[in-house]
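Report on the following structure.
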């Protein structure tokens, strides 16, 4: 039976995505996989690395919960590159990210079928752009 009240509908959608995203922890296994070593540096990100990730950032993606669009970061120039580098260095030294970087907005994207059923939607998580930039710098 379809839910017609908007508040109940939003509540049901929130329940659905909570069920989808909160899985029980996987059991620990003792299987060892042989993988080549992955070179990792312990140095904080430098200005060149931050600049490179800013250039790779897609301008027209959606902003995260902080409502700061990627275009703002791309157009920030040398000043913003310097400020982000200092921020990422501070995060690196403190080994802690701002609490707001742990927030995301889940946007339901319709897949196919009847729009009345929650399982016909896929949740896309929108994260703060600064946190995505830091993750990209670390992974490269």
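Residue numbers (our numbering): 698 to 837.
Just so you know, even glycine gets a beta-carbon here, dropped at the ideal spot from N, CA and C.
Check your understanding: residue 794 lies in the beta strand (DSSP E); which residues open and close that run?
Key -> As a working note, residue 794 is residue 97 in the chain shown. Run containing residue 794: none; DSSP gives neither H nor E here.
Review point. Helix, strand or coil: which one does DSSP assign to residue 747?
Key: On the chain shown, residue 747 is found 50 positions in, with the first residue counted as 1. Note: residue 747 maps to helix in three-state DSSP.
Exercise for review: State the start and end residues of the unbroken alpha helix (DSSP H) segment that holds residue 833.
Suggested key: Here residue 833 refers to the residue found at position 136 of the chain shown. Here the alpha helix (DSSP H) through residue 833 covers 826-836.
Practice item. Just mark residue 725 as buried or exposed, buried being the case when its beta carbon has 16 or more other beta carbons within 10 Å. Key: What you label residue 725 is simply residue 28 of the chain shown in a count that begins at 1. The residue is exposed, with fewer than 16 neighbouring Cβ atoms inside 10 Å.
Review point. In its own chain, which residues sit with a C-beta less than 8 Å from the C-beta of residue 808, not counting the 5 before and 5 after it?
Key: By one-based count along the chain shown, residue 808 stands at place 111. Same-chain partners within the cutoff: 817, 818 and 819.
Exercise for review: Determine the direct distance from the alpha carbon of residue 833 to that of residue 793, and round the result to whole angstroms.
Suggested key: Looking up residue 793 in the chain shown gives position 96. Looking up residue 833 in the chain shown gives position 136. Just so you know, the alpha carbons of residue 793 and residue 833 end up roughly 16 Å apart.
Point to revise | DSSP state of residue 703 mapped onto helix, strand, coil | key: Taking the first residue of the chain shown as 1, we reach residue 703 at position 6. DSSP, reduced to helix, strand and coil, places residue 703 within a helical segment of the structure shown.
Review point. Taking buried to mean at least 16 other C-beta atoms within 10 Å of its own C-beta, is residue 761 buried or exposed?
Key: As a first step, residue 761 is located in the chain shown; it is residue number 64 there, counting from the start. With 16 or more other Cβ atoms from the protein chains shown falling within 10 Å of its own Cβ, residue 761 counts as buried.
**Study point:** Candidates 790, 722, 743 and 706: closest to residue 775 by CA position
**Key:** Working through the chain shown from its first residue, we reach residue 775 at position 78. Among 790, 722, 743 and 706, the Cα nearest to that of residue 775 is on 743.
**Study point:** Where residue 811 falls, given that 16 or more other Cβ within 10 Å makes a residue buried
**Key:** Looking up residue 811 in the chain shown gives position 114. Exposed, by the Cβ-count rule.
Exercise for review: State buried or exposed for residue 751, treating a residue as buried only when at least 16 other CB atoms are found within 10 Å of its CB.
Suggested key: Within the chain shown, the letter at position 54 stands for residue 751. Per the 10 Å Cβ criterion, buried.
Exercise for review: Can you check the region 718-793 for any alpha helix (DSSP H) of at least 4 residues that lies completely inside it and give the ranges in chain order?
Suggested key: Counting only runs of 4+ residues, the alpha helix (DSSP H) found wholly inside the region 718-793 occupies 744-753, 767-771 and 774-791, in chain order.
**Study point:** Burial state of residue 828, where buried means 16 or more other Cβ atoms lie within 10 Å
**Key:** Position 131 of the chain shown, counted from the start, is the residue given in the question as residue 828. Note on residue 828: 16 or more other CB atoms within 10 angstroms of its CB, so buried under the neighbour-count rule.
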